[in-house]
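One structure is given below, encoded as structure tokens.
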Amino acid sequence: MILLTVASLWMSILFVWAVVSSWLSDNEVDKVGLRGRALVLVTAHPDDEAMFFSPTLLELGKSQYDNEIHLICLSNGDYDGLGTIRKSEVIRSGQMLGLDSVFVGDLHDDIKKWWEAKEIMQLVDKRIKELHTNKKITLLTFDESGVSDHPNHKSIYSAVKEYVKRRKYEAWKLKSWSLGEKYSGTVLSTWAIINNSKLLPANIGKDKSKTSDPDKVIIHSNINQWFVSMACMTFAHLSQMEWFRWGWLLLSRYMTCNELVRITASG
Numbered sequence: 000m001i002l003l004t005v006a007s008l009w010m011s012i013l014f015v016w017a018v019v020s021s022w023l024s025d026n027e028v029d030k031v032g033l034r035g036r037a038l039v040l041v042t043a044h045p046d047d048e049a050m051f052f053s054p055t056l057l058e059l060g061k062s063q064y065d066n067e068i069h070l071i072c073l074s075n076g077d078y079d080g081l082g083t084i085r086k087s088e089v090i091r092s093g094q095m096l097g098l099d100s101v102f103v104g105d106l107h108d109d110i111k112k113w114w115e116a117k118e119i120m121q122l123v124d125k126r127i128k129e130l131h132t133n134k135k136i137t138l139l140t141f142d143e144s145g146v147s148d149h150p151n152h153k154s155i156y157s158a159v160k161e162y163v164k165r166r167k168y169e170a171w172k173l174k175s176w177s178l179g180e181k182y183s184g185t186v187l188s189t190w191a192i193i194n195n196s197k198l199l200p201a202n203i204g205k206d207k208s209k210t211s212d213p214d215k216v217i218i219h220s221n222i223n224q225w226f227v228s229m230a231c232m233t234f235a236h237l238s239q240m241e242w243f244r245w246g247w248l249l250l251s252r253y254m255t256c257n258e259l260v261r262i263t264a265s266g
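Residue 68 in numbering that gives the first Met the number 0 sits at position 69 of the sequence shown, and the numbers go up by one each step.
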């Protein structure tokens, strides 16, 4: 009875979010100029792109933005000896997400290891040169907390920050939320969409260009994009679908929302 009640409540919350995100969501991507770019996402492990970045990839990959999206996954996730399988899984996930290319590096997946910035920068630089794109290079990656505090994630941020400083590229980091925000499911996203809606009486006639932060953008998925994100994990990354992953898929806000912050000299 309790499980049925919890399931019914979760479905009700999901339904409200599905309606709100489909009708009221206004992704303000253009305010920060993420259009006509060669977006290069740098991650640590196969499944990072699906578990953390899928709202960004699915939104910015829309044809209306005219972006190329490339993934650099620095390891094949060989911590448990499944590197070959996981490499094929991230390639399949990239196809499902509509990415233009997927590159898998050879750094060793280790939950206790801080990757050297030099190694990361060399891999990233080599791959970017191989893209031969005429679009403006823009990097995406984790922030200094790495969402899950994983040292591989955090070391990427440090390396990318130094790399874009040298190369004069633009870069954005995925904001790490608090535990409560991270596992709020769709609740906080629903409220954020409603609160920011142009239909809200308090927002009528308000010029958002004067209040928007040009160094931050929040991207919300809709129900269709959420289904794709779920499929990337449950189908493409099948080897990782242990029981506890379902908790992440059903409760993580990162499955439906991303907050990107521009990487500046100060952070």
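C-beta atoms are modelled at their ideal positions from N, C-alpha and C, and glycine is treated no differently.
Check, Outcome
"L248 and W171 closer than 8 Å at C-beta", "no"
"Extent of the continuous beta strand (DSSP E) run through K215", "215–219"
"Proximity to L96 [Cα-Cα], best of M229, R244, L237, W242", "M229"
"Beta-bridge pairing of T140 - partner residues as DSSP gives them", "K172"
"Short Cβ contact (8 Å threshold) for S220 with S62", "no"
"Cβ-based neighbour list, L106, same chain, cut-off 6 Å, excluding 5 preceding and 5 following", "L73, S74, W114"
"Option in I84, G82, D46, D77 with minimal Cα separation from L70", "D46"
"Candidates I136, R34, F243, of which the one nearest L40 by Cα", "I136"
"Cβ-Cβ separation, T55 to I218 (assumed contact under 8 Å), whole Å", "5 Å"
"Three-state secondary structure assigned by DSSP to H69", "strand"
"Cβ-heavy atom distance, N195 to the ligand GTP, below 7 Å", "This structure does not include the ligand GTP; it has no bound ligands of any sort."
"Whole-angstrom distance between A17 and V101, CA atom to CA atom", "30 Å"
"Coarse secondary structure for E58, derived from DSSP in three states", "helix"
"Supposed contact pair A116 and E161 - C-beta distance, whole angstroms, cut 8 Å", "6 Å"
"Buried or exposed by the 16-neighbour rule on C-beta atoms within 10 Å, applied to W225", "buried"
"Residue from I127, F51, K164, S154 whose Cα sits closest to the Cα of K174", "F51"
"Reduced DSSP category for K111 - H, G, I as helix; E, B as strand; rest coil", "coil"
"V163 and L138 closer than 8 Å at C-beta", "yes"
"Distance between L3 and R166 (C-alpha atoms, nearest Å)", "54 Å"
"Extent of the continuous alpha helix (DSSP H) to which L250 belongs", "242–250"
"Sequence-distant residues of the same chain with beta carbon closer than 7 Å to L59, five excluded per side", "V28, L33, L38, N66, I68"
"The beta strand (DSSP E) enclosing F102, as first and last residue numbers", "100–103"
"Cβ pair F141, I119 closer than 8 Å", "no"
"Residues sharing a beta bridge with T42, DSSP", "C72"
"From T132, G80, P150, E143, residue whose alpha carbon lies closest to that of I110", "P150"
"Helix, strand or coil at L130 according to DSSP, with G and I counted as helix", "helix"
"Beta carbon of A235 nearer than 8 Å to that of S53", "no"
"Beta-carbon proximity of V227 to V31, cut-off 8 Å", "no"
"First and last residue of the uninterrupted alpha helix (DSSP H) at R165", "150–166"
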